[in-house]
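**Q**
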Amino acid sequence: MKRLLLTLLLTLPFAAQAVDMENGKKLSRSCALCHGQLGQGTPGPASPRLAGTPAGYMVQQVEAYINGDRPNLRMVITSSLHSLSEDDIDDIAAYYESINLNKIAPGLSMIPQWPGNIAQGEAIYGEECKSCHRKNGMGKSRKGIPALALQYSQYLFRQIKMFQWRKRVHDDEPDDETFDNFSDQQIESILAYVSSLAPNNKR
Ligand code: HEC
Ligand code: HEC
């Protein structure tokens, strides 16, 4: 019986752990300056959307910024990321994951359709990305896999260049070669397909 209980506890999804949404909401005010009041972000390379981001992924990323694996000193200082406890970070991540912009603020939920060859992007995505980022582009919270379909294309483009330049690690694998052979044109096609999965662009 004890073992059964332990197994149950260990298999509880991330969101079922005790998180304090109110605390997350309160702390998120310091993120709003750059990421928007509801975490909607702004089209462009430098203000990614946080609303709807899988919590497991977000916790890992905030930690990566704190320890410098992803460079962004301005954000670390502006939001005093070093002073947040692990519980605080869990709360912020759970709060942002719970924000469904499409429902509560459709006007802020728009992801512009990125121009490019959607059919080519779909073929590449199906072969090389779908197994992890999922068919619907929503990622997997517990595995730390982000929701590409909810993110701005220019930001994603820049991240893919960072992966190609080995300035950011993709999939926890420093030697990851996923993007090495893609031309900018192929990356644009992938993003054209990925943005077509955004709820506001769904065909
Ligand atoms: C001074 C502006 C600024 C503030 C304040 C700020 N951020 Fe950011 N944030 C950025 C920028 C710019 C990026 C993109 C950086 C990059 O390219 O890695 C970013 C990226 C992120 C990402 C990565 C998103 C992804 O899809 O990988 C997360 C997570 C994040 N911020 C969380 C937060 C949280 C949580 C707070 C508040 C506690 C916060 N940020 C406050 C500017 C800011
Ligand atoms: C084996 C699983 C796996 C595959 C296959 C995969 N990814 Fe990822 N991807 C991840 C993980 C895990 C992360 C989180 C990376 C981290 O730890 O920083 C990620 C992160 C990303 C990010 C950063 C998103 C953000 O919000 O900053 C982009 C962009 C991305 N992947 C694009 C792709 C594309 C495009 C493909 C296909 C060509 C692909 N990935 C294939 C697992 C995968």
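Just so we're aligned: the sequence shown equals residues -18 to -1, 1 to 185 in mature numbering (1 follows the signal peptide of the UniProt record, and there is no 0).
Glycine included, each C-beta is placed from N, C-alpha and C at the ideal position.
Looking only at C-alpha atoms, which of Val151, Gly6, Asp157, Glu45 sits nearest to tyrosine 77?
**A** If we check each option's Cα against that of tyrosine 77, Gly6 comes out closest.
**Q** Exposed or buried, methionine 40, counting other C-beta atoms within 10 Å across all chains shown (16 or more means buried)?
**A** Per the 10 Å Cβ criterion, buried.
**Q** Measuring CA to CA, which of Phe161, Val1, Asp166, Leu90 is closest to aspartate 70?
**A** Considering only alpha carbons, the answer is Val1.
**Q** For serine 177, which residues from the same chain have a beta carbon less than 8 Å from its beta carbon, with the 5 sequence-adjacent residues on both sides left out?
**A** Counting only Cβ-Cβ distances below 8 Å, and skipping sequence neighbours, we find Ile93, Pro94, Gln95, Trp96, Ala131, Ser135, Asn183.
**Q** How about glycine 21 and serine 123: are their beta carbons less than 8 Å apart?
**A** No.
**Q** Just the C-alpha distance for glutamine 19 and proline 88, rounded to the nearest angstrom, thanks.
**A** C-alpha separation (whole angstroms): 14 Å.
**Q** Given this structure, state the Cα-to-Cα distance separating isoleucine 74 from leucine 9, to the nearest angstrom.
**A** The alpha-carbon atoms of isoleucine 74 and leucine 9 are separated by roughly 7 Å.
**Q** Output the distance between the C-alpha atoms of lysine 149 and tyrosine 47, rounded to the nearest integer angstrom.
**A** Taking the straight line joining both Cα atoms gives about 13 Å.
**Q** Can you give me the C-alpha to C-alpha distance between threonine 35 and glutamate 79, rounded to a whole angstrom?
**A** Spanning the two alpha carbons is a distance of roughly 5 Å.
**Q** Is isoleucine 86 helix, strand or coil by DSSP?
**A** The answer is helix: DSSP assigns isoleucine 86 an H, G or I state.
**Q** Alpha carbons only, please: which of Asp162, Leu138, Asp51, Val44 is nearest the one belonging to serine 65?
**A** Taking only the C-alpha atoms, the option nearest serine 65 is Val44.
**Q** Quick one: does the C-beta of valine 44 sit closer than 7 Å to a heavy atom of ligand 3?
**A** Absent from the structure shown: ligand 3. Ligands present: ligand 1 and ligand 2.
**Q** Nearer than 7 Å: is that true of the beta carbon of valine 58 relative to any heavy atom of ligand 2?
**A** No, since every heavy atom of ligand 2 falls outside the 7 Å radius drawn around the Cβ of valine 58.
**Q** Quick one: what does DSSP say isoleucine 106 is sitting in, helix, strand or coil?
**A** Of the three classes helix, strand and coil, the one that applies to isoleucine 106 here is helix, per DSSP.
**Q** Give me the residue from Phe164, Ile106, Ala129, Pro53 with the minimum Cα distance to lysine 143.
**A** Taking only the C-alpha atoms, the option nearest lysine 143 is Phe164.
**Q** Please report the residue range of the alpha helix (DSSP H) in which lysine 7 lies.
**A** Start and end: 3 to 9.
**Q** Contact check, cysteine 13 vs serine 29 under 8 Å by CB: the rounded distance?
**A** Not really, about 11 Å apart at Cβ, beyond 8 Å.
**Q** How should glutamate 155 be labelled, buried or exposed, when 16 other C-beta atoms within 10 angstroms of its C-beta is the threshold for buried?
**A** Glutamate 155 comes out exposed.
**Q** Along the chain, where does the alpha helix (DSSP H) containing valine 176 start, and where does it finish?
**A** Segment 166 to 178, the alpha helix (DSSP H) holding valine 176.
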